[in-house]
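Enquirer: Structure below; questions to follow.
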Amino acid sequence: MLEHGGRLRSAARYYGIPLGDWLDLSTGIAPEPWSVPRMSSDAWARLPEEDDGLAEAACACYGAAQALPVAGSQAAIQALPALFAAGRVGVLAPSYAEHAQAWRRAGHQLLHLAAGDIEARLDELDMLVLANPNNPTGERFEPSRLLDWQARLARRGGCLLVDEAFMDCTPEYSLAAHSQRPGLVVLRSFGKFFGLAGVRLGFVLAEAGLLARLHERLGPWTVSGPARALGLQALGPAGGAARERRAGQLRAAGKRLAALLDAHGLAPDGGTALFQWVRMPDAMQLHDFLARQGILVRLFETPASLRFGLPADESGWQRLARALADPARPGRRGLAREWVGTIADESASREFP
Numbered sequence: 005m006l007e008h009g010g011r012l013r014s015a016a017r018y019y020g021i022p023l024g025d026w027l028d029l030s031t032g033i034a035p036e037p038w039s040v041p042r043m044s045s046d047a048w049a050r051l052p053e054e055d056d057g058l059a060e061a062a063c064a065c066y067g068a069a070q071a072l073p074v075a076g077s078q079a080a081i082q083a084l085p086a087l088f089a090a091g092r093v094g095v096l097a098p099s100y101a102e103h104a105q106a107w108r109r110a111g112h113q114l115l116h117l118a119a120g121d122i123e124a125r126l127d128e129l130d131m132l133v134l135a136n137p138n139n140p141t142g143e144r145f146e147p148s149r150l151l152d153w154q155a156r157l158a159r160r161g162g163c164l165l166v167d168e169a170f171m172d173c174t175p176e177y178s179l180a181a182h183s184q185r186p187g188l189v190v191l192r193s194f195g196k197f198f199g200l201a202g203v204r205l206g207f208v209l210a211e212a213g214l215l216a217r218l219h220e221r222l223g224p225w226t227v228s229g230p231a232r233a234l235g236l237q238a239l240g241p242a243g244g245a246a247r248e249r250r251a252g253q254l255r256a257a258g259k260r261l262a263a264l265l266d267a268h269g270l271a272p273d274g275g276t277a278l279f280q281w282v283r284m285p286d287a288m289q290l291h292d293f294l295a296r297q298g299i300l301v302r303l304f305e306t307p308a309s310l311r312f313g314l315p316a317d318e319s320g321w322q323r324l325a326r327a328l329a330d331p332a333r334p335g336r337r338g339l340a341r342e343w344v345g346t347i348a349d350e351s352a353s354r355e356f357p
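The sequence shown begins at 5 in this note's numbering and counts up one residue at a time.
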């Protein structure tokens, strides 16, 4: 399996810093979780029922015609490639590495593409897979451009898959309203925006036939009763004003993080409301320097870069600012590399063993 951010226990063991003393900025998850409501005991005691209105709530919230709830968008990422005949799949790189791994495992031929190469190579592809906004670069694709690519693919029986895991704060870029088109699949994540990654909830937006095939492959009860109840509360009309406030607060926090990094000579090369991405040749050294102070950020090797998530409170902001202002901050040289795990995918990060 590929490595991901949030491996706080591994970092605590390696650096000898107690778990509770860390500032974890390694994930792109909203640092303040959505308030979890009291739930009926039925949510825990009964098998989940799929006609509870969760799919409809997601459709209304995202502006989609059809939606299939899944146990986090990762479940869909792993299952979808098996629904398509083996073909030539273009995958944006660098990007979320699970996409490439899933399509490769299912027997598809992969072509890693930089964003600027997609237009010229599109007619070679049966499938194009990308994230919008992209993770970790934060790059955004205009809906008109994506719809043009989707139409070109669909005319040849191809498909566009867009992972919108970080879309909630920039809904004007979403293709959710077009997701009923044949040859278009849109993924939405619940846990990142709502700060509830442990709930494991996401949605696939697509035409009804494909959703039915995916549902059949995933089987029954893929989303737990408590997750469904929480999703209904958060995505429903009663939560609309709170969602708007949260989006505004996260956008402001993302700008604050970008300004903080810039003020310390680490101007971001991209980002979203939930993270900022910095390319730098000594990314590994800075990652190690921060970790030795109990601050965990996400390290990527290709290209050498760091992704910074949002601190949860003012003390976290000040702690990060002090670490960045430390005169001993890298470039230090000669750091040991033995703890860096090897990952084959070229767009994957390197993390703890």
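Backbone N, C-alpha and C define an ideal beta-carbon position, used for all residues, glycine too.
The model shown is predicted, which means the values in this text are computed figures rather than measured ones.
Extract the residue ranges of the alpha helix (DSSP H) inside the stretch 110-166, only unbroken runs of 4 or more that lie entirely within it.
Expert: Within the stretch 110-166, the complete alpha helix (DSSP H) runs of at least 4 residues are 122-125 and 147-159.
Enquirer: If you scan the stretch 240-316 from start to end, which runs of the alpha helix (DSSP H) of 4 or more residues do you find wholly inside it?
Expert: You should have 244-267 and 287-295.
Enquirer: Taking only the alpha-carbon atoms, compute the straight-line gap between GLY335 and ASP273 and give it to the nearest angstrom.
Expert: As a first step, residue 335 is located in the sequence shown; it is residue number 331 there, counting from the start. As a first step, residue 273 is located in the sequence shown; it is residue number 269 there, counting from the start. Confidence at GLY335 is low in this model, with a pLDDT of 43, below 50, so its placement is unreliable and no value can be given for it.
Enquirer: DSSP on VAL203, reduced to helix/strand/coil?
Expert: As a first step, residue 203 must be located in the sequence shown, where it is residue number 199. It is helical.
Enquirer: From the DSSP output, in three-state form, read off GLY94 for me.
Expert: Working through the sequence shown from its first residue, we reach residue 94 at position 90. GLY94 falls in the strand class under three-state DSSP.
Enquirer: What are the complete alpha helix (DSSP H) segments, minimum 4 residues, inside the stretch 49-101?
Expert: DSSP runs (the alpha helix (DSSP H)) wholly in the stretch 49-101: 58-66 and 77-83.
Enquirer: Between the alpha carbons of GLY111 and GLN253, how many angstroms are there, rounded?
Expert: On the sequence shown, position 107 is the one that residue 111 refers to. On the sequence shown, position 249 is the one that residue 253 refers to. Taking the straight line from one Cα to the other gives about 42 angstroms.
Enquirer: Just to confirm before moving on: does the CB-CB distance between VAL74 and VAL133 stay below 8 angstroms?
Expert: On the sequence shown, position 70 is the one that residue 74 refers to. On the sequence shown, position 129 is the one that residue 133 refers to. No. Outside cutoff.
Enquirer: Residue range of the beta strand (DSSP E) that SER30 falls in?
Expert: Along the sequence shown, read from residue 1 onward, the residue named residue 30 stands at position 26. Neither: SER30 is in no beta strand (DSSP E) and is coded neither H nor E.
Enquirer: Opposite LEU191 in the DSSP bridges: which residues?
Expert: Within the sequence shown, numbered from 1, the residue matching residue 191 stands at position 187. According to DSSP, LEU191 bridges with ASP167 and VAL208.
Enquirer: Check whether the stretch 190-210 touches the stretch 162-176, counting contact only when three or more Cβ pairs, one atom from each stretch, lie closer than 8 angstroms.
Expert: With the cut-off at 8 angstroms, the stretch 190-210 and the stretch 162-176 touch.
Enquirer: Would you mind sorting PRO315 into buried or exposed? The rule is 16 or more other CB atoms within 10 Å of its CB.
Expert: Within the sequence shown, numbered from 1, the residue matching residue 315 stands at position 311. So PRO315 ends up on the buried side.
Enquirer: Hey, out of VAL208, SER39, ILE33 and TYR177, whose CA is closest to ALA233's CA?
Expert: Locating residue 233 in the sequence shown gives position 229, where the first residue counts as 1. Measuring from the Cα of ALA233, the nearest candidate turns out to be SER39.
Enquirer: Under a three-way DSSP split, which group does TRP107 fall into?
Expert: By one-based count along the sequence shown, residue 107 stands at place 103. TRP107 falls in the helix class under three-state DSSP.
Enquirer: Beta-carbon separation of LEU29 and GLY298 under 8 angstroms?
Expert: Mapped onto the sequence shown, residue 29 falls at position 25. Mapped onto the sequence shown, residue 298 falls at position 294. No, these two residues do not count as a Cβ contact at 8 angstroms.
Enquirer: Taking the alpha helix (DSSP H) that TRP321 falls in, what are its first and last residues?
Expert: If you number the sequence shown from 1, residue 321 lands on position 317. That run of the alpha helix (DSSP H) goes 318-329.
Enquirer: According to DSSP, is ASP25 helix, strand or coil?
Expert: Position 21 of the sequence shown, counted from the start, is the residue given in the question as residue 25. Helix at ASP25.
Enquirer: May I ask you to report which of helix, strand or coil DSSP gives PRO230?
Expert: Taking the first residue of the sequence shown as 1, we reach residue 230 at position 226. Three-state result, PRO230: helix.
Enquirer: With distance defined between alpha-carbon atoms, name the residue in LEU303, GLU318, LEU179 and LEU324 nearest to CYS63.
Expert: Here residue 63 corresponds to residue number 59 of the sequence shown, with the count starting at 1. Nearest C-alpha to CYS63: LEU179.
Enquirer: Between MET288 and LEU270, which are expected to be in contact by the criterion C-beta below 8 angstroms, what is the C-beta distance as a whole number of angstroms?
Expert: As a position in the sequence shown, residue 288 is number 284, starting the count at 1. As a position in the sequence shown, residue 270 is number 266, starting the count at 1. Their Cβ separation, rounded to whole angstroms, is 15 angstroms, which puts MET288 and LEU270 out of contact at 8 angstroms.
Enquirer: Candidates PHE207, ALA212 and TYR100: which alpha carbon is nearest THR226's?
Expert: Here residue 226 refers to the residue found at position 222 of the sequence shown. THR226 has its Cα closest to that of PHE207, out of PHE207, ALA212 and TYR100.
Enquirer: Under the rule that 16 or more other beta-carbon atoms within 10 Å means buried, what is GLY187, buried or exposed?
Expert: Along the sequence shown, one-based indexing puts residue 187 at 183. Buried: at least 16 other Cβ atoms inside 10 Å.
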